[in-house]
Amino acid sequence: MEEKNITLRFRLSDDAGDLETADKILLEKAHQSALNAYAPYSRFRVGAAIRLDNGMIITGNNQENAAYPSGLCAERVALFAASAQFPGSVIEAVAVAIDTDKHEIIQPVSPCGACRQVLAEYEHRQGKEIRIIFSGETGKTVTVDGMNNLLPMTFTANNLKKSK
178 MEEKNITLRF RLSDDAGDLE TADKILLEKA HQSALNAYAP YSRFRVGAAI
228 RLDNGMIITG NNQENAAYPS GLCAERVALF AASAQFPGSV IEAVAVAIDT
278 DKHEIIQPVS PCGACRQVLA EYEHRQGKEI RIIFSGETGK TVTVDGMNNL
328 LPMTFTANNL KKSK
(Lines of atoms letter the chains of each structure in order from A and count residues from 1; the text may use other names and numbers.)
(Lines give C-alpha, C1' and ligand atoms only; values in the text may rest on other atoms or scores of the structure.)
Protein backbone atom coordinates (compact mmCIF):
# COMPACT_ATOMS: atom_id res chain seq x y z
CA MET A 1 0.00 0.00 0.00
CA GLU A 2 1.30 3.42 -0.94
CA GLU A 3 1.02 6.29 1.52
CA LYS A 4 0.33 9.78 0.21
CA ASN A 5 0.17 13.21 1.79
CA ILE A 6 -2.09 16.17 1.12
CA THR A 7 -0.81 19.71 1.54
CA LEU A 8 -3.29 22.51 2.19
CA ARG A 9 -2.27 26.05 1.25
CA PHE A 10 -3.69 29.09 3.03
CA ARG A 11 -2.62 32.54 4.15
CA LEU A 12 -2.91 33.57 7.79
CA SER A 13 -3.14 37.31 8.47
CA ASP A 14 -2.78 38.93 11.88
CA ASP A 15 -6.01 40.82 11.27
CA ALA A 16 -8.26 42.02 8.46
CA GLY A 17 -6.01 45.05 7.95
CA ASP A 18 -3.51 42.80 6.17
CA LEU A 19 -6.03 41.79 3.49
CA GLU A 20 -6.33 43.23 0.00
CA THR A 21 -8.83 46.11 -0.03
CA ALA A 22 -11.52 44.16 -1.93
CA ASP A 23 -11.25 41.22 0.49
CA LYS A 24 -11.29 43.55 3.51
CA ILE A 25 -14.53 45.12 2.24
CA LEU A 26 -16.03 41.69 1.62
CA LEU A 27 -15.18 40.51 5.14
CA GLU A 28 -16.73 43.67 6.61
CA LYS A 29 -19.93 43.03 4.60
CA ALA A 30 -19.98 39.48 5.98
CA HIS A 31 -19.62 40.80 9.53
CA GLN A 32 -22.43 43.31 8.99
CA SER A 33 -24.62 40.50 7.68
CA ALA A 34 -23.85 38.36 10.74
CA LEU A 35 -25.37 41.05 12.95
CA ASN A 36 -28.73 40.44 11.24
CA ALA A 37 -28.69 36.64 11.50
CA TYR A 38 -31.65 34.85 13.06
CA ALA A 39 -29.90 32.73 15.70
CA PRO A 40 -32.07 32.81 18.85
CA TYR A 41 -31.07 29.28 19.92
CA SER A 42 -27.30 29.12 19.44
CA ARG A 43 -26.66 32.88 19.68
CA PHE A 44 -23.91 32.11 17.13
CA ARG A 45 -24.52 34.53 14.29
CA VAL A 46 -22.76 33.95 10.98
CA GLY A 47 -22.64 36.22 7.95
CA ALA A 48 -21.38 35.53 4.46
CA ALA A 49 -20.63 37.90 1.60
CA ILE A 50 -20.02 36.84 -1.99
CA ARG A 51 -18.24 38.92 -4.62
CA LEU A 52 -19.30 38.13 -8.18
CA ASP A 53 -17.38 38.80 -11.37
CA ASN A 54 -19.87 41.58 -12.21
CA GLY A 55 -18.82 43.44 -9.04
CA MET A 56 -22.01 42.68 -7.13
CA ILE A 57 -21.77 41.67 -3.47
CA ILE A 58 -24.48 39.33 -2.19
CA THR A 59 -24.85 38.69 1.54
CA GLY A 60 -26.55 36.06 3.63
CA ASN A 61 -26.72 35.01 7.25
CA ASN A 62 -27.64 31.91 9.19
CA GLN A 63 -31.33 31.30 9.78
CA GLU A 64 -32.10 28.98 12.68
CA ASN A 65 -35.30 27.07 13.31
CA ALA A 66 -36.61 25.37 16.45
CA ALA A 67 -36.53 22.15 14.40
CA TYR A 68 -32.73 22.39 14.11
CA PRO A 69 -32.16 20.62 10.78
CA SER A 70 -34.56 23.07 9.13
CA GLY A 71 -32.22 26.05 9.52
CA LEU A 72 -29.63 27.07 6.97
CA CYS A 73 -26.04 28.33 7.17
CA ALA A 74 -25.04 31.82 6.05
CA GLU A 75 -22.79 30.57 3.26
CA ARG A 76 -25.54 28.54 1.59
CA VAL A 77 -28.10 31.33 2.01
CA ALA A 78 -25.72 33.70 0.18
CA LEU A 79 -24.67 31.16 -2.48
CA PHE A 80 -28.23 30.20 -3.35
CA ALA A 81 -29.32 33.86 -3.46
CA ALA A 82 -26.40 34.76 -5.74
CA SER A 83 -27.18 31.87 -8.07
CA ALA A 84 -30.90 32.72 -8.17
CA GLN A 85 -30.41 36.46 -8.71
CA PHE A 86 -27.36 36.37 -11.00
CA PRO A 87 -27.38 33.06 -12.88
CA GLY A 88 -24.19 32.45 -14.83
CA SER A 89 -22.14 34.93 -12.80
CA VAL A 90 -18.79 33.69 -11.54
CA ILE A 91 -18.15 33.69 -7.81
CA GLU A 92 -14.76 35.29 -7.19
CA ALA A 93 -14.66 35.25 -3.40
CA VAL A 94 -16.68 34.36 -0.31
CA ALA A 95 -16.06 35.91 3.12
CA VAL A 96 -17.41 34.44 6.35
CA ALA A 97 -17.60 36.29 9.68
CA ILE A 98 -19.20 35.58 13.04
CA ASP A 99 -20.75 37.39 15.97
CA THR A 100 -21.75 35.86 19.28
CA ASP A 101 -22.74 37.20 22.65
CA LYS A 102 -21.67 34.04 24.51
CA HIS A 103 -17.94 34.80 24.50
CA GLU A 104 -15.46 36.41 22.13
CA ILE A 105 -14.14 34.05 19.48
CA ILE A 106 -10.72 35.06 18.20
CA GLN A 107 -9.91 31.92 16.20
CA PRO A 108 -10.97 31.99 12.54
CA VAL A 109 -14.16 29.96 12.02
CA SER A 110 -14.29 28.08 8.74
CA PRO A 111 -17.37 26.95 6.80
CA CYS A 112 -18.99 23.71 7.96
CA GLY A 113 -18.74 20.52 5.92
CA ALA A 114 -22.08 21.00 4.15
CA CYS A 115 -21.15 24.54 3.13
CA ARG A 116 -17.74 23.35 1.94
CA GLN A 117 -19.43 20.78 -0.27
CA VAL A 118 -21.79 23.38 -1.75
CA LEU A 119 -18.86 25.76 -2.34
CA ALA A 120 -17.03 22.92 -4.09
CA GLU A 121 -20.06 22.33 -6.34
CA TYR A 122 -20.19 25.99 -7.37
CA GLU A 123 -16.45 26.05 -8.00
CA HIS A 124 -16.68 22.88 -10.12
CA ARG A 125 -19.66 24.26 -12.02
CA GLN A 126 -17.98 27.54 -12.89
CA GLY A 127 -14.56 26.01 -13.62
CA LYS A 128 -12.74 28.71 -11.65
CA GLU A 129 -11.34 28.68 -8.12
CA ILE A 130 -13.17 30.56 -5.38
CA ARG A 131 -11.25 32.50 -2.74
CA ILE A 132 -12.58 31.95 0.78
CA ILE A 133 -11.79 34.42 3.59
CA PHE A 134 -12.83 33.72 7.17
CA SER A 135 -12.20 35.10 10.62
CA GLY A 136 -13.36 35.05 14.21
CA GLU A 137 -14.91 38.11 15.82
CA THR A 138 -11.44 39.60 16.16
CA GLY A 139 -7.91 38.47 15.49
CA LYS A 140 -6.46 36.44 12.67
CA THR A 141 -8.00 35.86 9.25
CA VAL A 142 -7.50 32.94 6.90
CA THR A 143 -7.54 33.20 3.11
CA VAL A 144 -7.81 30.06 1.00
CA ASP A 145 -7.62 29.97 -2.80
CA GLY A 146 -9.63 27.07 -4.16
CA MET A 147 -11.78 24.47 -2.48
CA ASN A 148 -9.11 21.76 -2.78
CA ASN A 149 -7.33 23.67 -0.01
CA LEU A 150 -10.41 23.65 2.22
CA LEU A 151 -12.02 20.35 1.22
CA PRO A 152 -9.43 17.92 -0.13
CA MET A 153 -10.60 14.85 -2.05
CA THR A 154 -13.73 16.75 -3.05
CA PHE A 155 -16.83 14.91 -4.27
CA THR A 156 -17.99 16.52 -7.53
CA ALA A 157 -20.15 15.71 -10.54
CA ASN A 158 -17.14 13.91 -12.01
CA ASN A 159 -17.61 11.21 -9.36
CA LEU A 160 -21.08 10.50 -10.76
CA LYS A 161 -19.88 9.91 -14.33
CA LYS A 162 -19.70 6.33 -15.51
CA SER A 163 -16.16 5.05 -15.97
CA LYS A 164 -15.25 3.60 -19.34
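First residue of the sequence shown: 178, per the numbering used here; consecutive thereafter.
Think of the CB as a built atom: it goes at the ideal place given N, C-alpha and C, for glycine as much as any other residue.
**Message:** One question on the structure: do His301 and Ala274 come within less than 9 angstroms of each other, judged by their Cβ atoms?
**Reply:** By 1-based counting over the sequence shown, the position of residue 301 is 124. By 1-based counting over the sequence shown, the position of residue 274 is 97. No Cβ-Cβ contact shorter than 9 angstroms links His301 with Ala274.
**Request:** Please go through the same chain and pick out, in chain order, the residues whose beta-carbon is closer than 7 angstroms to the beta-carbon of Ala258, but skip the five residues on each side of it.
**Result:** Locating residue 258 in the sequence shown gives position 81, where the first residue counts as 1. Cβ-Cβ distances below 7 angstroms link Ala258 to Ile235 and Gly237 in the same chain, with the five nearest sequence neighbours on each side left out; the list follows chain order.
**Message:** Let me confirm a value: Tyr215 is counted as buried when at least 16 other C-beta atoms fall within 10 Å, else exposed. Which label applies?
**Reply:** Residue mapping note: residue 215 aligns to position 38 of the sequence shown, counting from 1. With fewer than 16 Cβ atoms within 10 Å of its Cβ, Tyr215 is classed as exposed.
**Request:** Enumerate in chain order the residues of its own chain whose CB-to-CB distance from Ser312 is below 7 angstroms, with the five nearest sequence positions on each side excluded.
**Result:** In the sequence shown, counting from the first residue as 1, residue 312 sits at position 135. The answer, listed in chain order, is Ala193, Leu204, Ala274, Pro285 and Thr318.
**Message:** Taking 9 angstroms as the threshold (C-beta atoms), are Lys206 and Val267 in contact?
**Reply:** Start at 1 with the first residue of the sequence shown, and residue 267 comes out as number 90. Start at 1 with the first residue of the sequence shown, and residue 206 comes out as number 29. Taking 9 angstroms as the cut-off, the beta carbon of Val267 is found no closer than this to the beta carbon of Lys206.
**Asked** Between which two residues does the beta strand (DSSP E) harbouring Ala226 extend?
**Response** Start at 1 with the first residue of the sequence shown, and residue 226 comes out as number 49. Under the DSSP assignment, Ala226 falls in the beta strand (DSSP E) whose first and last residues are Phe221 to Leu229.
**Message:** Using the Cβ count rule (16 or more neighbours within 10 Å means buried), how would you classify Asp191?
**Reply:** Counted from its first residue, the sequence shown places residue 191 at position 14. Asp191 is exposed by the Cβ-count criterion.
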